[in-house]
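Peer 1:
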Amino acid sequence: MEHDMSSPQKNKKDGRIDVFFATPGGREDRWRDLVDAAKKWAAGTGSRAAFESALNETTVIEAFHGYPGPSLMEALRDRADSDDAAGAAALAWRIASALLTRSFRQHASDWDPHSDISSEVSDVLPPALGRATAARPYFEVLIVTGAPIERWASIAAEWRRLRRPQDEFVYEPVVLGTAEDAVCAVMLNADLAAVVIHEGFGYRSRHDAPVLRSIVDSVAKKELSDGSALRLARVIHQSRPELDLYLLSDRRVEEIAGDPAADIVRRIFYAVEELLELHLAILEGVAARYETPFFDNLKKYAERPITTFHALPIARGASIFKSDWIRDMGEFYGPTLFLAESSATTGGLDSMLEPTGTIKRAQDLTARAFGAERVFFVTNGTSTSNKMVVQALLSPGDIAIVDRNCHKSHHYGMVLSGAQPLYVEAFPLTEYSMYGAVPLRTIKQALLTAKREGRLDRVKLLDLTNCTFDGHIYNTRRVMEECLAIKPDLIFLWDEAWFAFARWSPFLRPRTAMGAAADIEAWLRDPASVVAYEKQRAELGNDPSEETLLETRLLPDPRKVRLRVYQTNSTHKSMSALRQGSMILVKDVEYHTVEQQFKEAVFTHASTSPNQQLIASLDVARRQMELEGFGLVANAIEVALAIRREVNRHPLISKYFRVVGADGMVPAEYRPSGFTDFLASDADWATALRSFRDDEFCLDPTRMTLVCGTAGYDGTQFKNLLANQYNIQLNKTSRNSVLLQSNINNTRSDVAHLIRVLVEISREIEERLASGGEGERRSFAARVKSLMTDVPDLPNFSYFHEAFRHDAGADTNEGDIRSGFYSAYDAEGCEYIPLHDKEIDRRLQDGPPLVSANFVIPYPPGFPIMVPGQVITPGTIEFMRKLDVKEIHGYDAAQGLKLISPAALAKLDRVKPDYSPSMA
Ligand SMILES: Cc1ncc(COP(=O)(O)O)c(C=O)c1O
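Going by our numbering, the final residue of the sequence shown carries number 920, and the count climbs one at a time with no gaps.
(1) Figure out for me which residue from Arg-777, Leu-641, Phe-657 has the closest Cα to the Cα of Arg-748.
(2) Based on Cα-Cα distance, which residue from His-198, Asp-793, Tyr-435, Lys-300 lies nearest to Glu-273?
(3) Going residue by residue through the stretch 700 to 764, where are the continuous beta strand (DSSP E) segments of at least 3 residues, counting only ones entirely within it?
(4) Verify the contact flag: Gly-381, CB atom, against every heavy atom of ligand 1, threshold strictly below 7 Å.
(5) In chain order, which beta strand (DSSP E) runs of at least 3 residues are fully inside the stretch 468 to 527?
(6) Using only the alpha-carbon positions, how far apart do Trp-152 and Val-620 sit?
(7) Is Phe-678 near ligand 1, in the sense that its beta carbon is under 7 Å from a heavy atom of that ligand?
(8) Would you say Phe-630 touches ligand 1, meaning its beta carbon is less than 7 Å from a heavy atom?
(9) Can you give me the C-alpha to C-alpha distance between Ala-318 and Met-625, rounded to a whole angstrom?
(10) Based on DSSP bridge pairs, tell me the residues matched to Ser-249.
(11) Going by the CB atoms, is the gap between Leu-508 and Ala-502 shorter than 8 Å?
(12) If we require 4 or more residues per run, which alpha helix (DSSP H) segments fall completely within the stretch 272 to 324?
(13) Out of Asp-816, Asn-727, Asp-191, which has the shortest C-alpha to C-alpha gap to Val-286?
(14) Can you grab the Cα-Cα spacing for the pair Ile-486 / Pro-556, in whole Å?
(15) Less than 7 Å separating the Cβ of Ser-582 from some heavy atom of ligand 1?
(16) Answer yes or no: the CB of Asn-386 versus the heavy atoms of ligand 1, is any distance below 7 Å?
(17) Just to confirm the assignment, what range does the alpha helix (DSSP H) spanning Asn-386 have?
(18) Kindly indicate the opening and closing residues of the alpha helix (DSSP H) around Gln-612.
(19) Considering only heavy atoms of ligand 3, does any lie closer than 7 Å to the CB of His-407?
(20) What does the Cβ neighbour count give for Tyr-474, buried or exposed, with the cut at 16 atoms within 10 Å?
(21) Name, in chain order, the residues that DSSP records as bridge partners for Gly-924.
(22) Spatial neighbours of Tyr-270 within its chain, please: CB distance less than 6 Å, with the 5 preceding and 5 following residues excluded, ordered by chain position.
(23) Once DSSP output is grouped into helix, strand and coil, what is the label at Asp-364?
(24) Three or more beta-carbon pairs under 8 Å between the stretch 408 to 415 and the stretch 643 to 654, yes or no?
(25) Would the beta-carbon of Leu-946 fall within 8 Å of that of Arg-368?
(26) What I want to know is whether the C-beta of Thr-465 ends up closer than 7 Å to one or more non-hydrogen atoms of ligand 1.
(27) Heavy atom of ligand 1 less than 7 Å from the Cβ of Phe-501, yes or no?
(28) Is the beta carbon of Trp-953 within less than 7 Å of some heavy atom of ligand 1?
(29) In this structure, does DSSP put Asn-813 in helix, strand or coil?
(30) What does the alpha-carbon distance come out to for the pair Leu-794 and Tyr-432?
(31) Would you call the stretch 351 to 360 in contact with the stretch 535 to 555, where contact means no fewer than 3 C-beta pairs closer than 8 Å?
(32) What's the C-alpha gap between Thr-465 and Tyr-435?
(33) Quick check on Val-531: buried or exposed, where buried means 16 or more other Cβ atoms within 10 Å of its Cβ?
(34) State buried or exposed for Ile-149, treating a residue as buried only when at least 16 other CB atoms are found within 10 Å of its CB.
(35) In angstroms with no decimal places, state the Cα-to-Cα distance between Trp-41 and Trp-93.
(36) Phe-598 by DSSP, collapsed to three states: which one?
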């Protein structure tokens, strides 16, 4: 049977509770179905049996949620039992409305089973409005108990009695009695902010949860079946580390508290003690995440009557609101923006360059949220974050293994630092004119070659992009472990510009830099790891061949590893931060050795006039994700799956467009799970999860490559069409595709709009082909062929010219990119040759070699096809000549390619710099 894990509809019949990829929208759909069934029953076109069946389905899942809760669900059942079709329809409608509009968070009447007695059932449910402004933020608390089910209502009532008017937040308890149900609730209920676990709960849920079981049974059945609160806490923490955990035990609390594993628990209580203490602790725990030290202070600052006698005339808005000529700017942005503008570093506003107050505290809270040891806020995008990390960690002559296809900030970072990039290539996706990610074998080979050549000590950094623009996610843990097996102190820089949100998905988190670093750290602490390492060492023998090392899943020596992990992210790309808001996350046992260098990097790159609003937005973006990130990311994934499903299954759209699945984006050799697509008929949850867990690369479902070449559009044309005619904006394009990205802001209405537009465009193509005759059809086919088949091969990095290779190894390609870069400053030493000039072909054939004087980066695809000092090969020229894009950074078509002249190369100082350790 076809089994679509993205569709809530498919899982309806079996009463399953583990429908994790269809969370928020799936729930809405279930309620719509229930309302429909009730209305049909009331109108005489349906039946009570059909309503009861829908009600049973809904009741199972609603048990994991605070609203509507048992008494409203019970009231619905009572109306069915008493054959009250109209009453059932009215109540179902009212509950569904309260859920969709989220009004239950403010309106007590939404919780009252009887307040609808006289209300009418409207024909349409109100649209989901998103969060209304609540007087007090609302959340839910999971209570896992060993008490019999008959006592749950009174347990919940006891919790509700603790509410006080002065509480900053309000919450509703969700009472459950087994470990399986608790794990499901944690995965399905995005409103949970805390979990209270009493000892003595059961293990098996009474509901069906085959996928959950296949996962939980294999990883934690043994751990969980003895009803240990601490073990359940550990499993929950692995899925959602942001949740506050509280344990309640009526024995051995001191013993539990002394267990080192209990550090994930916020507090441990003796069960018979005052519940009020626990209530206060829960509120305090949420307040700790709600706190935004810098933003809070900025708000206070804006309210103070301050007179300024320094720079920044727009501060307080005086220069704007008093002006006849620029007042519209003030009206557009509103006065608060200007009240919150300041160039002061006093009054609680702190200094970005040397933070000690609210910025420092905001950074520390962010480190906690991401599982890092420290965080730097950056106000000039990840373009700057990357340069800062590269500058701080590398010295002239150090070698860094770098994905040649990475963002240009890394390449420029190498120029600035004087480090030598050893370029490694990602696997090509020639069909779509894009690159994937760098295979681990390639990275290991680079390290092993450097080792063979006696230069491994010079290799300091591995610098990769995770996930890539197009959605390739590394197996970060495996990459780091295997590299550390070859070089135990290698530093990792993961550019997660697009991936900050992934921290809040249990499926994606293990594949983030910090998620993997935490797992490696735990592995390093486990005494079994040394045994595993020693066993592998004995098996490999004393002098394993390179091929053996390449073929083996290597384990590092836990006693030697120095774990040094850096992550940069464009917070503004996937969280609610203002543009250019970015962060550097650090988890480095040797940080003290580079601390001063980091300060220098901050001093080098950070503006001395950072933007207050931007810093505040980083603070607030963190708060949001810690409190609702799980649900927002689940929604983004669900939106993506809906797009994938609708595009690929729509009879008209799928004739001209398709979203590429994992099988198209990740070659089979890197996908041993066999996972093909989020929609494929043979895909199921277990395979998808295996892919997320084990495959060398998996695909971020929220990044969708939409092929438009089959509709006769190149990527840029299609992007412009969507933007100009349909108000749909997207970012990246390739020769024959555009990249759609779902985000925490997207709604199902956005999906509907996109689908409607694709139907319209497909219909136009269809009509044009039908009415245009054979000529039209032939030219369409030719255009499609040219876009989809006649694609240029992607040129690999060739090599640096001898003049820039200095002491480079015979079999590795690193080079002195900095000297190459500065050669371009010598105008006399540079020459220009037009791309299509015969001279290019002559030089390629007979020499002297063509050596690029600068970076040449075409958009799309956006990777440098030439870097300074690189020897240009026929493949690169062919690619450039075939490339029909207008925007090529570093290339002026009127002048031609900028090259370092043979004379200048000859003159270059051949005295090789000394990179011996004492000089580095
Ligand atoms: C992989 C990667 N890293 C870094 C950046 C630069 O980030 P920002 O735009 O925040 O400067 C980008 C921008 O697109 C990117 O794709």
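From the three backbone atoms N, C-alpha and C, an ideal C-beta is built for every residue, glycine too.
Peer 2: Judging by the given coordinates:
(1) As a position in the sequence shown, residue 748 is number 748, starting the count at 1. For the residues Arg-777, Leu-641, Phe-657, the minimum Cα distance to Arg-748 belongs to Leu-641.
(2) Along the sequence shown, one-based indexing puts residue 273 at 273. For the residues His-198, Asp-793, Tyr-435, Lys-300, the minimum Cα distance to Glu-273 belongs to His-198.
(3) 703 to 707, 737 to 741
(4) Your numbering for residue 381 matches position 381 in the sequence shown. Yes, the Cβ of Gly-381 comes within 7 Å of a heavy atom of ligand 1.
(5) 472 to 474, 491 to 495
(6) Position 152 of the sequence shown holds residue 152. Position 620 of the sequence shown holds residue 620. Trp-152 and Val-620: Cα-Cα distance of roughly 37 Å.
(7) Working through the sequence shown from its first residue, we reach residue 678 at position 678. The answer is no for Phe-678.
(8) Walking along the sequence shown from the start, residue 630 turns up at place 630. No, the beta carbon of Phe-630 sits no closer than 7 Å to any heavy atom of ligand 1.
(9) By 1-based counting over the sequence shown, the position of residue 318 is 318. By 1-based counting over the sequence shown, the position of residue 625 is 625. Distance between the alpha carbons of Ala-318 and Met-625: 35 Å.
(10) If you number the sequence shown from 1, residue 249 lands on position 249. According to DSSP, which records beta bridges pairwise, Ser-249 is partnered with Tyr-270.
(11) Here residue 502 is taken as the residue at index 502 of the sequence shown, counted from 1. Here residue 508 is taken as the residue at index 508 of the sequence shown, counted from 1. Closer than 8 Å, so yes.
(12) 275 to 290, 293 to 303, 318 to 321
(13) Walking along the sequence shown from the start, residue 286 turns up at place 286. Among Asp-816, Asn-727, Asp-191, the Cα nearest to that of Val-286 belongs to Asp-191.
(14) The residue labelled residue 486 in the question sits at position 486 within the sequence shown. The residue labelled residue 556 in the question sits at position 556 within the sequence shown. Approximately 7 Å between the Cα atoms of the pair.
(15) The residue you call residue 582 lines up with position 582 of the sequence shown. Because some heavy atom of ligand 1 lies under 7 Å away, the Cβ of Ser-582 counts as near it: yes.
(16) The residue you call residue 386 lines up with position 386 of the sequence shown. Yes, since a heavy atom of ligand 1 falls inside the 7 Å radius drawn around the Cβ of Asn-386.
(17) Along the sequence shown, read from residue 1 onward, the residue named residue 386 stands at position 386. Note, Asn-386: alpha helix (DSSP H), 381 to 393.
(18) Counting from one through the sequence shown, the residue named residue 612 turns up at place 612. It spans 612 to 649 - the alpha helix (DSSP H) in which Gln-612 sits, taken as one unbroken run.
(19) Questions concerning ligand 3 fall outside what the structure shown contains, since the ligands it does hold are ligand 1.
(20) Within the sequence shown, the letter at position 474 stands for residue 474. Buried is the call here.
(21) The displayed coordinates of the chain run from 1 to 920. Any statement about residue 924 would go beyond what the structure contains.
(22) Within the sequence shown, numbered from 1, the residue matching residue 270 stands at position 270. Excluding positions up to five away in sequence, the list reads Val-253.
(23) Stepping through the sequence shown from its first residue, residue 364 is reached at position 364. Looking at Asp-364 - three-state DSSP - the assignment turns out to be helix.
(24) no
(25) No answer is possible for residue 946: it lies beyond the span of the chain, which begins at 1 and ends at 920.
(26) On the sequence shown, position 465 is the one that residue 465 refers to. Flag set: Cβ of Thr-465 near ligand 1.
(27) By 1-based counting over the sequence shown, the position of residue 501 is 501. Result no, Cβ not under 7 Å from ligand 1.
(28) Residue 953 lies beyond the residue range present for the chain, which begins at 1 and ends at 920; the question has no answer from this structure.
(29) What you label residue 813 is simply residue 813 of the sequence shown in a count that begins at 1. Asn-813 falls in the coil class under three-state DSSP.
(30) Counting from one through the sequence shown, the residue named residue 794 turns up at place 794. Counting from one through the sequence shown, the residue named residue 432 turns up at place 432. Distance between the alpha carbons of Leu-794 and Tyr-432 is about 10 Å.
(31) no
(32) By 1-based counting over the sequence shown, the position of residue 465 is 465. By 1-based counting over the sequence shown, the position of residue 435 is 435. Spanning the two alpha carbons is a distance of roughly 12 Å.
(33) For the purposes of this step, residue 531 is taken as the residue at position 531 of the sequence shown. That one is exposed.
(34) Here the question's residue 149 lines up with position 149 in the sequence shown. Exposed, because fewer than 16 other Cβ atoms sit within 10 Å of the Cβ of Ile-149.
(35) Taking the sequence shown and counting its residues from 1, one reaches residue 41 at position 41. Taking the sequence shown and counting its residues from 1, one reaches residue 93 at position 93. Cα-Cα distance, rounded: 13 Å.
(36) Working through the sequence shown from its first residue, we reach residue 598 at position 598. Phe-598 falls in the helix class under three-state DSSP.
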